[in-house]
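These notes are about the structure you will find just below.
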């Protein structure tokens, strides 16, 4: 095309061979054939030169790839090429699908009709002697299989069977033959093989800029070649875009970083969308795929639109959900269309909205308007025909997908094969005609690959089966049985009008008559005494002129014979209408039906185009598969391996003995060695109503152990790295590291590590407090400008809890409580059922939202608890409340769950309930959840206490020297994080403590998301003042590093240790803000709450090492009754025979208070005396302090 291009290509070839030892092919485009029939004399004159050049280049490469049987083609497109491509498409007005840019891996383009290059060639490869991909067993494997078979054979049995022979009837006993029906059996036709394979194009250099690649080549002594025409800005649009981007300063939104970032985000979103489609495909029944006719039967899934939460704009949210669901449904329809459609490119998802509403009634704006009997319709040349398989009107609809019937008057797809060349027929009898060399495969109707072998003297073509030729074809079959078989096959594989989309083989004229005519020709008579070698020699000696004359003479003779028969024929294949009399139907190749003896003269190989195997393999095949899918979705989402959780219970130990009536409250106590937390007022007697204790209980505050966690100097030291071996980036903790602090999923009670007390103890009651599992950040913790999307479209709940409502069927038995919620374990299909967005947040997540990983963690948590307290200890009732239980009380009477007035704890409770109750109530079960009153987003307090609030504020103010010192030490970190995140330095929420940054960064890392980078708000200079064009440019040079995040995590743990365990003021505030109780008859009381609830319990118990309770933390209070069946008990004895064990993170909790110490089998009186001594009986001291009154 340009002068010197051949020399340049030869130079490149030489360097590749000499320097790199690569085998090369230098290919050229035949521009003369491209320009033939046009008014242009040079390729540059073409108005669409770039498009034509691209097509011809790929087709030339594809032909070479198919010839050389290559499976991979690596192209050197780089980052600059990607930028130019996206920018050009942006200028051309492409939508999101076009702005994805060049794919890193894709099928070779512009070559859909080249067999062996585009999605084809695998069948031939596997049939070859040396396939590229060899699935055949090795000789060693064959010998091993043979030896195994021979070893399993019984020689005596084989000998007897050989002597007796094999019965010809169905049954071994001949007398049963009379009961076997003698109906005719018709086996379906062997379906055509389905193609696969082809060449994949890979672009591994898309992440590298041109400058970097040039420098790499030069550094390694490899010359860099570049087409000089690339610098001609007038030649192509790409050249013009390249010139403008290099020589002009574009708006920030159009510069390379912003354009590539946009394309990357769109690709990520496209991947998420495809993931949703794959999950939706698992609920789609795809069956009866027939490569014989290219048909398939599908049963589409239904969408269940989740209910909206209160205070949301229902119309807007509902419309948004419908829009998203319709888009995902459209992508699913595109996958199904690809199985049948003849079109190379299916319709855009945006153009399928009307059809989606017809296929998915629940996505209609008003589902009630959906017709009772939907009608058939067409999409992308595919006919959708509704089929009901049940008389039940509520039964799901099946859709039969077929190729749309051909429209009358429009050209039909045709593949041609000319007659056998004259040089192979000349002076030879027909039986000596040889098969011609194999022809290339042709793509017929975009669905079937066709290859015709023709050794006759008539033209052959493949065209759609036409009803006008059906009778003659049926009459040409040898007998009635063959004709019945034809009709049966058509009815089975291609019912109704579907049969007229089948490929059929036609001849122009009757090939049998034409062959008989040739036998009477004069040149055949001359060949009677000549052998094959002599015929070839004579033909070659004739020369071109004589050969041409012989050709015309033979053609004229054949035309005369055809005219004598009243039928036209000719050498040139003219595509005429199917009504032409000379057209003869001779075979239906996909059904394996042909005129007798046809394969001796004409053969037609046929294969179906490649079908996405994932569409067929990932989908269900029948209703049973669909049910199995739901079961797997419910159970298999739980990740393998240990999942470590930490969780803790409220101070409801006061209710332990009350619930069972075994231990009375102590009515008096001796004076403690230190003053109580809240001195009694003059109007209220000290320790009102307390009984004498059998042991002196120390009620003093004791500081925690000094560790690196609460050592501020170590926390902020430049020499400190990491976070003490804690885990912040995964829910998974290896078994050998059980007990390690894992913020994402704290350790919890589970069978592997649980230590059961001796047999003389019997478990009587369990209460635990359990922090919710991992989630997205709260709205208050989100950054003003996000650096990437955080979408929760795939975070739908599979087991869920319905929040409390005014019309709930049951209420919390506690006074002043709100109506209960219900925890469900029926399957729920939904995409982001929350959708509460905030300004600056890029994505669809709620603030906060329990993610799918958090739901998995919660389910595993519940399963582990049941495995310990039912399977191991036999304490929890059976899931079905059957005869194996100690009594017949229901699960709901024995096991209770309480959640905060926040939906995320209800979601976690729903997963825990499902795991603990199992699958016996999968479709109908529900469990009440006791919920805190309106406005109380925690388990505590259920009252207001100004004194407690003052104590809390004092520990988090500049008046506290330690707190002020830690804020000063964090000043530098704050400045960096503020600059990256866009948070205002005056934002009190982010700067009162590290809570917000800790929450935001840890949520990202726990879900495998990168730490954020700085985004710069930019405004296009070309935009008007009234409507500026805003853009976000990612400054990858300014990002939150892991060291910054680690320092925030260290400071956060220091803060929790200081607030809840660092001073006596914090301890007093914690005790003043705690309250809980339960009803009688309960064996298990499960509280799902937040980190503040867990921290208060740890503070009250004076845990020796205080940390920030991570996601899924738990504290478990176990009340054991001593039965006397075991050995001697060491230590203090409980007067009532009851002992308490407290577990924190699955292990026994250790307190700094000497009276509590290691909380392993502590007499219950000791713990009750400790609680009563701190707050008074019935919290009388707390009431007095908070209300300045002795009234309760």
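Numbering (this note's numbering), first residue to last: 4 to 1195.
Beta carbons: idealized from backbone N, C-alpha and C, even for Gly.
Identity of the residues DSSP links to residue i by a beta bridge
i, result
"residue 342", "The partner list for residue 342 (beta bridge, DSSP) is empty, contrary to what the question assumes."
"residue 1206", "Residue 1206 lies beyond the stretch modelled for the chain, which goes from 4 to 1195, so this question has no answer here."
"residue 1017", "1038"
"residue 418", "465"
"residue 587", "510"
"residue 608", "454"
"residue 97", "Partner(s): none; residue 97 has no beta bridge."
"residue 388", "403"
"residue 1123", "766, 1142"
Residue j beta carbon less than 8 Å from that of residue i
i, j, result
"residue 753", "residue 1011", "no"
"residue 911", "residue 1087", "no"
"residue 784", "residue 1056", "no"
"residue 846", "residue 792", "yes"
"residue 32", "residue 59", "yes"
"residue 778", "residue 853", "yes"
"residue 363", "residue 332", "yes"
"residue 1165", "residue 1151", "no"
"residue 505", "residue 341", "no"
"residue 930", "residue 1093", "no"
"residue 774", "residue 1047", "no"
"residue 118", "residue 402", "no"
"residue 492", "residue 480", "no"
Cα-Cα separation, residue i to residue j
i, j, result
"residue 875", "residue 1123", "15 Å"
"residue 416", "residue 467", "7 Å"
"residue 64", "residue 1049", "52 Å"
"residue 385", "residue 423", "37 Å"
"residue 289", "residue 619", "7 Å"
"residue 907", "residue 972", "34 Å"
"residue 1107", "residue 738", "25 Å"
"residue 241", "residue 320", "42 Å"
"residue 71", "residue 538", "35 Å"
"residue 1116", "residue 749", "5 Å"
"residue 1110", "residue 735", "19 Å"
"residue 278", "residue 1168", "57 Å"
"residue 454", "residue 438", "13 Å"
"residue 246", "residue 226", "23 Å"
"residue 336", "residue 359", "8 Å"
Per-residue DSSP class, three states only, for residue i
i, result
"residue 120", "coil"
"residue 904", "coil"
"residue 861", "helix"
"residue 357", "helix"
"residue 445", "strand"
"residue 480", "coil"
"residue 1150", "strand"
"residue 721", "coil"
"residue 1175", "helix"
"residue 348", "coil"
"residue 699", "coil"
"residue 437", "coil"
"residue 924", "Note that residue 924 has pLDDT 47, beneath the 50 cutoff, so the model's placement of it is unreliable and the number below is only indicative. Three-state DSSP puts residue 924 in coil, outside helix and strand."
"residue 46", "helix"
Status (buried if at least 16 other CB within 10 Å, exposed otherwise) for residue i
i, result
"residue 758", "exposed"
"residue 43", "exposed"
"residue 555", "exposed"
"residue 125", "buried"
"residue 220", "exposed"
"residue 593", "buried"
Residue i CB to nearest heavy atom of the ligand MN below 7 Å
i, result
"residue 346", "In terms of ligand content, the structure shown is empty, and the ligand MN therefore cannot be addressed."
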